[in-house]
Structure formats: C-alpha cells, structure tokens
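A.B. asks:
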Amino acid sequence: MGAQLSADGVTALRRLAQVSLLFAVASLLATAAALMLLPYAASSGQGIVVGVGLLVGASAFAFGVMISLRKPRARRLGFLVVAMAFVAALLFGLLAVAVPESAAAFVGWTLVLLAYAAFAAHRLVRWPAAVRDEPKAELGIFISYRRDDSRETVGRIHDHLCEGFDEQRIFLDVDRQAAGEDYRVVIGRALQQADVVLVVIGMRWLTIADPGGRRRLDDADDMVRIEIETALARRLRVIPVLVQGAAMPGEEALPPSLRALSFLTALPVRPDPDFRPDMERLEAALLGEEPAGADEEAAMPGTA
Numbered sequence: 610m611g612a613q614l615s616a617d618g619v620t621a622l623r624r625l626a627q628v629s630l631l632f633a634v635a636s637l638l639a640t641a642a643a644l645m646l647l648p649y650a651a652s653s654g655q656g657i658v659v660g661v662g663l664l665v666g667a668s669a670f671a672f673g674v675m676i677s678l679r680k681p682r683a684r685r686l687g688f689l690v691v692a693m694a695f696v697a698a699l700l701f702g703l704l705a706v707a708v709p710e711s712a713a714a715f716v717g718w719t720l721v722l723l724a725y726a727a728f729a730a731h732r733l734v735r736w737p738a739a740v741r742d743e744p745k746a747e748l749g750i751f752i753s754y755r756r757d758d759s760r761e762t763v764g765r766i767h768d769h770l771c772e773g774f775d776e777q778r779i780f781l782d783v784d785r786q787a788a789g790e791d792y793r794v795v796i797g798r799a800l801q802q803a804d805v806v807l808v809v810i811g812m813r814w815l816t817i818a819d820p821g822g823r824r825r826l827d828d829a830d831d832m833v834r835i836e837i838e839t840a841l842a843r844r845l846r847v848i849p850v851l852v853q854g855a856a857m858p859g860e861e862a863l864p865p866s867l868r869a870l871s872f873l874t875a876l877p878v879r880p881d882p883d884f885r886p887d888m889e890r891l892e893a894a895l896l897g898e899e900p901a902g903a904d905e906e907a908a909m910p911g912t913a
C-alpha cells in the first residue's frame, strides 16, 4: 500500500488545527485589547495594529480549517502564518517599549505569538509524509495488467498513484465496472479518457495460456491484447512497467500488432526497499519530468 497517515500523524495534525483556530480567536481579541491600550495613538499606528492583528488571525483561521479538511497547500500557508506571527510579535514587542504603562499586556501577547510560531513551525517541519501539500495531478491513467500475473503488485501501484493523482481518473479493472456490456466497448471508452497507459509486465505476462494451452497474447480477443492494441492505434503514450524482475519482451515474442511495445522505454517497479523510489521515478515520467514510453529504435529491445 502507499504511505498511510499514522494515528500519531492524525493526532498531531488535529492538535495543530485546534491550536491554530484558538490562536485565530485570541489574535482578534488581542488586537481589540491593543487598541484599547492605545487610545491616543495616531490613526496610522492603530491601523497597523488592526491590519497585522486581522491578517494574523484570518490566516491562522484559514490554516486551521485547511488542516482539518486536509486541503492542498495547507503547509505552505502554515509557514506564512508562522512568519506573520513572528512579525506581529516584533510589533507588540516594540509597543511594550513605546507604551511602558501597558508593557505587561504587550509582553504577554508577544510571548503568546512566539509560542504559537514555535509550536506551528515545529509541526510544519515534522509534517507527516503521507499528507501531500500539492493538489493531485489531473491525468488520465489506464493500467493494463494480467490478474494471474501481477494482481498484488498492481494493487500497490494503484494505491500509490492515488496519493498523487486524481483517483477518479485512474482506470483499473474497467471490465468489472460495467456488467453486461461488451468489454471491448468498455475498454475503448476508458481509453478515450486516458492520457497515458501503463502496461504492467510480470514474469508470466508473456506466457500465460488459456485452458487449451494457447498463449493468451495470441488470442485476438484477449482483453490485455485489445487494451494495448487500442492504445497503440490511438497513439496514446504507453509506458511498460516491469515488475517481479521481469524483462522487456523482445519484438519476436509479441504478436505483430503489439511489436511496437518492445521498442518503448520501460521502467522497473521493484519490491521494498526500492518500491517508493521506483514509484517516484514512474510518477515523474507520468508528469513528463523523466523520459519513459518513448520509442527507442536505437536501443536494443528489452532494455529499460
């Protein structure tokens, strides 16, 4: 499975959200109190106090809400809130010097600001790895595989991809999603929504046979064959994914309609401890940050 948020991680995020929401309310109250302690200050000075107080309070409130809802970019906002809290602490520290008769109140709020900033910064630095701070990428991903060859590995790949990509646009086991329909039509419809096709190849992918002993890839009605043929015919980006130590099949081992597959750059996805680094490389390839799925006529078939 992909990285899961632990119970400790959930508790830490919940506590940070609660503290941020309480701090937002306290910030507004402290701003009002500061104005009462500065009745004769110039309007510009009061405006600065109000502006900083409202900005810190509103940002902390938004930060708390975003954490509670697990919204993307919450961590980025958190660092901004910490910076603003430090600025506000500096401001109130200066007020403590400028208005000595109210120094105790200003110093007290300065300490609160610094305490919150330190607490939030600590939590942000120790942000749970399972909580991504980027919005999920919008990319249609079709996963082609043989259940008898790589079911468990594909399940893990799927779960990991769902962490960084929109789950609704990851197509897996589409033949099971429309009972009573022609699976060729279902596959074609799913591929129309796909931007890239992952062909997962395990140790038995090439040789699995039907009950009569005929290799499935040699059957024109084989579902996996239809998936790849359709993807190649539509010129979709196809990335072979090698699992279980499998090698890329050579051109001569494939039916004529699939032979273009042997010239595409493949990526391995190995078991732990290499699984996560390999998946990060695959994700980079999906996002176009690393070459994969390109036709490498100059390379020997079977190389990644």
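Residue numbering for the sequence shown follows my numbering, beginning at 610 and increasing consecutively.
Beta carbons: idealized from backbone N, C-alpha and C, even for Gly.
1) According to DSSP, simplified to helix, strand and coil, what is I810?
2) Let's see if you can read the secondary structure: which residues bound the alpha helix (DSSP H) around I837?
3) Apart from the five residues on each side of it in sequence, which residues of its chain come closer than 6 Å, Cβ to Cβ, to L867?
4) For A803, which residues in the same chain have their Cβ closer than 7 Å to its Cβ, ignoring the five residues on either side in sequence?
5) Taking just the CA atoms, how far does E860 sit from V809?
6) Report the rounded CA-to-CA distance for G797 versus G764, giving the unit in angstroms.
7) Tell me the rounded alpha-carbon separation between L876 and L891.
8) Alpha carbon to alpha carbon, how far is T839 from F728? Give it in angstroms, no decimals.
9) Check whether the Cβ atoms of L704 and F715 sit closer than 8 Å, and answer yes or no.
10) Would you kindly report the start and end of the unbroken alpha helix (DSSP H) that includes P886?
11) Taking the alpha helix (DSSP H) that R561 falls in, what are its first and last residues?
12) Does DSSP put R846 in a helix, a strand or coil?
13) Can you say whether V661 is buried or exposed, counting buried as having 16 or more other CB atoms within 10 angstroms of its CB?
14) Taking only the alpha-carbon atoms, compute the straight-line gap between L807 and V795 and give it to the nearest angstrom.
15) Out of D831, E710, L841 and V878, which has the shortest C-alpha to C-alpha gap to M857?
16) Which stretch, first to last residue, makes up the alpha helix (DSSP H) that contains F751?
17) Within 10 Å of its beta-carbon, does R732 have 16 or more other beta-carbons around it, so buried, or fewer, so exposed?
18) Leaving aside the five residues before and after L622 along the sequence, list all residues of the same chain whose C-beta is less than 6 Å from its C-beta, in chain order.
19) Here's a check: name, in chain order, each residue in its chain whose Cβ is nearer than 8 Å to the Cβ of D775, leaving out the five neighbours to either side.
20) Here's a check: name, in chain order, each residue in its chain whose Cβ is nearer than 8 Å to the Cβ of V659, leaving out the five neighbours to either side.
21) In this structure, what does DSSP give as the bridge partners for R824?
22) Output the distance between the C-alpha atoms of V833 and G811, rounded to the nearest integer angstrom.
C.D. replies: Considering the structure as presented:
1) Strand.
2) M832 to A842
3) Residues of the same chain with a CB within less than 6 Å of the CB of L867, apart from the 5 flanking positions on each side, are I837 in chain order.
4) G749, I750, F751, F780 and L845
5) Going from the Cα of V809 to the Cα of E860 covers about 17 Å.
6) 22 Å
7) 7 Å
8) 54 Å
9) Cβ atoms of L704 and F715: closer than 8 Å.
10) F884 to L895
11) Not covered by the structure: residue 561. The range shown for the chain is 610 to 913.
12) strand
13) Buried is the call here.
14) 17 Å
15) V878
16) Segment I750 to S753 is the beta strand (DSSP E) holding F751; no alpha helix (DSSP H) there.
17) buried
18) I676
19) K745, A746, E747 and L748, listed in sequence order.
20) T640 and L644
21) A818
22) In this structure, the straight-line span from the alpha carbon of V833 to that of G811 is close to 13 Å.
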